[in-house]
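*Asks:* Before I ask anything, here is the structure I am working with.
There are 2 protein chains.
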Amino acid sequence: MKAVDTAYAVVRESIFAGRFSPGDRITEQEVVELAGVSRTPVREALRRLQSQGLVEMQPNLGAVVTNWSSEDAEEIFELRAMLECFATRLAGERITVEHLERMRKLATAQLEEVRRKTPDLDRIAELNNQFHQELYAAAGNRRLNRILISLIEPTLVIRTFQHYSDEALRRSARQHLEIVELLESADAEGAEAVMRTHVLAARHEFRHNA
Amino acid sequence: MKAVDTAYAVVRESIFAGRFSPGDRITEQEVVELAGVSRTPVREALRRLQSQGLVEMQPNLGAVVTNWSSEDAEEIFELRAMLECFATRLAGERITVEHLERMRKLATAQLEEVRRKTPDLDRIAELNNQFHQELYAAAGNRRLNRILISLIEPTLVIRTFQHYSDEALRRSARQHLEIVELLESADAEGAEAVMRTHVLAARHEFRHNA
DNA sequence: CAGTTCAAGATTGTATACAATCGACCCAGG
DNA sequence: CCTGGGTCGATTGTATACAATCTTGAACTG
């Protein structure tokens, strides 16, 4: 593994694990010590994190972990509502049985997980994430894929599912399965509608809890 | 001006000026000599160009000027049709008189330019670009702004307007003015419809000429 | 005491040296 | 003639040294 990749992974994990909090400044020297590589790859890794929106770079000041305001969240949900629907519509035209199978597996696994007595929220987040990524891939527009990932990635820091009620968790998982089934029956319009509901519900949860 | 900025500007200009063509490999040493800075800022500049989609980085091989296939163009127009309409809708809700004034000025200037005997295609491209950017700003969603810029920037290399007929040039400029006037009369829906036509016309021109 | 100036330390920006990797070319062997 | 392997040059990847810039804080002044 290249030095830049380890530096990137170390910082990224530290942010997701909460060891760096939004607003914290990350000095290059810190990362050098954490990752055990020199400053050159560290700088490159930080720029990569910047282009993904996880940190912001200020000239001569370095990296600061991005701090999300409620306006940022509104912007993101506004765009997601539009783009995820669009992705669903495209998927409706182009999706293959392989994609559908994987999506069904993911949705089913998520549904099982949310029905446990003490659901593993991290696992749910991971399954949820994979489901959406599979859908983007099925849509077959690489740029749309990239855009949606760049929109969603930074919000994973907030760990939305931690604030979901059990009922919201279950509804979310059920909607995934619904989307799969509607796509299987070639009802792109229906799938798109469920997806819109799905994203707007996420926004609702976010507004009321975070 | 910082070294990284000069390196960035030099490569960017070289690409737009056609001194680097799509598919060309750009070695760091070349840029060092062109820009007169060391390799460190050159590398950073190339990564920046990568994140904007102007070049692609291959491990241990370096930067290659991005080569656009017709599939890429379809993807981009597909997304633009959606996102520019969305931007227009948002602008309809939030636009200020200052934005409208600037947009009217830009549209008028463009209309004058296309009516000259020998229109300056580079100036038209510049005015066109500024008009769209002004609209994105008026939409008030910074991420949407960023996304649209990242979609359009790489396509500027192709110099679309070079292939437009006089009639297409004029229609394009007229549509800009129409959009301004519809936004002024608070007819967001109408403005959105014209914008859709506008983007689809651009796709049409592209398909038949490039 | 508040505000300002300036110097020292810390941090980022840049240059350069060294290591690792890739690709082209040459040459031997079939 | 063609193929496989290996060496060498070129290029990217990384480390480190040096320069520029910013922050901090303490001394100084009104």
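Protein sequence lines, in the order shown, are assigned to chains V and D. Using our numbering, the first residue of the first sequence is number 1, and each one after it goes up by one. Using our numbering, the first residue of the second sequence is number 1001, and each one after it goes up by one. From the three backbone atoms N, C-alpha and C, an ideal C-beta is built for every residue, glycine too.
How is the beta strand (DSSP E) around V64 (chain V) delimited, first residue to last?
*Replies:* Run containing V64 (chain V): G62 to V65, per the beta strand (DSSP E) assignment.
*Asks:* Could you give the distance in angstroms between the alpha-carbon of V221 (chain V) and the alpha-carbon of V42 (chain V)?
*Replies:* Because chain V is modelled from 1 through 210, residue 221 (chain V) falls outside the range shown and cannot be assessed.
*Asks:* Who are the near neighbours of R48 (chain V) in its chain, counting only those whose CB is closer than 7 Å to its CB and skipping five residues on each side?
*Replies:* Hits under 7 Å: Y8.
*Asks:* Can you say whether L1183 (chain D) is buried or exposed, counting buried as having 16 or more other CB atoms within 10 angstroms of its CB?
*Replies:* Buried is the call here.
*Asks:* Please name the residue or residues paired with M57 (chain V) in a DSSP beta bridge.
*Replies:* V:A63.
*Asks:* Can you tell me the Cα-Cα spacing of I152 (chain V) and V64 (chain V), whole angstroms?
*Replies:* When rounded, the distance between both Cα atoms is 19 Å.
*Asks:* Tell me whether V1097 (chain D) is buried or exposed, calling it buried when 16 or more other Cβ atoms sit within 10 Å of its Cβ.
*Replies:* Exposed: under 16 other Cβ atoms inside 10 Å.
*Asks:* Excluding the 5 residues preceding and the 5 following M103 (chain V) in the sequence, name in chain order all residues of the same chain whose CB lies nearer than 7 Å to its CB.
*Replies:* Only F131, E134, L135 and V180 meet the Cβ criterion.
*Asks:* Residues of the stretch 1120 to 1147 of chain D with a CB closer than 8 Å to any CB of chain V: list them in chain order, please.
*Replies:* Cβ contacts with chain V come from N1141, R1142, R1143, L1144 and I1147.
*Asks:* Could you check if N1067 (chain D) is buried or exposed, using at least 16 other CB atoms within 10 Å of its CB as the buried criterion?
*Replies:* That one is exposed.
*Asks:* Would you say F77 (chain V) reaches chain D, if we count a Cβ-Cβ gap shorter than 8 Å as a contact?
*Replies:* No, no contact with chain D.
*Asks:* Please classify R1019 (chain D) as buried or exposed, where buried requires at least 16 other C-beta atoms within 10 Å of its C-beta.
*Replies:* With fewer than 16 other Cβ atoms within 10 Å, it is exposed.
*Asks:* Run down chain D in chain order and give the residues with a C-beta less than 7 Å from the C-beta of R47 (chain V).
*Replies:* The answer, in chain order, is E1044 and R1047.
*Asks:* Once the 5 residues before and after A109 (chain V) are set aside, which same chain residues still bring their CB inside 8 Å of it?
*Replies:* These residues qualify, in order along the chain: L127.
*Asks:* Give me the subset of the stretch 1081 to 1108 of chain D whose CB atoms are less than 9 Å from a CB atom of chain V, sorted by chain position.
*Replies:* Of all residues in the stretch 1081 to 1108 of chain D, M1082, L1083, F1086 and L1090 have a Cβ within less than 9 Å of some Cβ in chain V.
*Asks:* Decide if the stretch 109 to 123 of chain V is in contact with the stretch 161 to 173 of chain V; the criterion is three or more beta carbon pairs, one per stretch, under 8 Å apart.
*Replies:* Verdict: yes, contact present.
*Asks:* Check for me: the alpha helix (DSSP H) holding S1150 (chain D) runs from which residue to which?
*Replies:* S1150 (chain D) -> alpha helix (DSSP H) spans R1142 to I1152.
*Asks:* Let's see if you can read the secondary structure: which residues bound the alpha helix (DSSP H) around G1023 (chain D)?
*Replies:* Taken as a continuous stretch (DSSP letters only), G1023 (chain D) belongs to no alpha helix (DSSP H), as it is neither H nor E.
*Asks:* Pull out every residue of the stretch 1149 to 1174 of chain D whose Cβ sits closer than 9 Å to any Cβ of chain V, in chain order.
*Replies:* Those residues of the stretch 1149 to 1174 of chain D that come within reach of chain V (Cβ to Cβ, closer than 9 Å) are S1150 and L1151.
*Asks:* Starting from K105 (chain V) and walking both ways along the alpha helix (DSSP H), at which residues does that stretch end?
*Replies:* Element bounds for K105 (chain V): V97 to R115.
*Asks:* Which residues bound the alpha helix (DSSP H) around P41 (chain V)?
*Replies:* Unbroken alpha helix (DSSP H) run through P41 (chain V): R39 to S51.
*Asks:* Do you know how far the Cα of L34 (chain V) is from the Cα of P22 (chain V)?
*Replies:* One C-alpha to the other measures close to 19 Å.
*Asks:* Closest by CA to M57 (chain V), which one among V:V194, V:F77 and V:R25?
*Replies:* With distances taken between Cα atoms, M57 (chain V) lies closest to V:R25.
*Asks:* How would you call N141 (chain V), buried or exposed, if buried means at least 16 neighbouring beta carbons within 10 angstroms?
*Replies:* Label assigned to N141 (chain V): buried.
*Asks:* Put A17 (chain V) into one of helix, strand or coil per three-state DSSP.
*Replies:* Correct three-state label for A17 (chain V): coil.
*Asks:* Quick one: does the C-beta of E75 (chain V) sit closer than 7 Å to a heavy atom of the ligand GTP?
*Replies:* For the ligand GTP, the structure offers nothing, since it holds no ligand at all.
*Asks:* Please determine, among V:A45, V:A17, V:D5 and V:E71, the residue with the shortest C-alpha to C-alpha distance to F206 (chain V).
*Replies:* That would be V:E71, whose Cα lies nearest to the Cα of F206 (chain V).
*Asks:* To the nearest angstrom, report how far apart E189 (chain V) and A138 (chain V) are at their CA atoms.
*Replies:* Roughly 16 Å separates the two Cα atoms.
*Asks:* Using Cβ-Cβ distances below 7 Å, what residues of the stretch 1047 to 1071 of chain D are close to chain V?
*Replies:* Residues passing the 7 Å Cβ filter: R1047 and S1051.
*Asks:* For V10 (chain V) and A3 (chain V), I'd like the C-alpha separation in whole angstroms.
*Replies:* Roughly 11 Å separates the two Cα atoms.
*Asks:* With 16 as the cutoff for other CB atoms within 10 Å, does R1186 (chain D) come out buried or exposed?
*Replies:* As written in the sequence, residue 1186 (chain D) is Ala, which differs from the Arg given in the question. Label assigned to A1186 (chain D): exposed.
*Asks:* Can the beta-carbon of R1012 (chain D) be found closer than 8 Å to that of L1054 (chain D)?
*Replies:* Against a cut-off of 8 Å, the Cβ pair of L1054 (chain D) and R1012 (chain D) comes out as a contact.
*Asks:* For a test of the three-state rule: what should DSSP assign to G92 (chain V), helix, strand or coil?
*Replies:* Residue state, collapsed to three classes: helix.
*Asks:* Here's the rule: buried if 16 or more other CB atoms are within 10 angstroms of the residue's CB, otherwise exposed. What is I1154 (chain D)?
*Replies:* Per the sequence presented here, residue 1154 (chain D) reads as Pro, with Ile not at that position. Buried, since its Cβ has 16 or more Cβ neighbours within 10 Å.
*Asks:* When burial is assigned at 16 or more other CB atoms within 10 Å of the CB, is L1046 (chain D) buried or exposed?
*Replies:* The residue in question, L1046 (chain D), is buried, as its Cβ has 16 or more Cβ neighbours within 10 Å.
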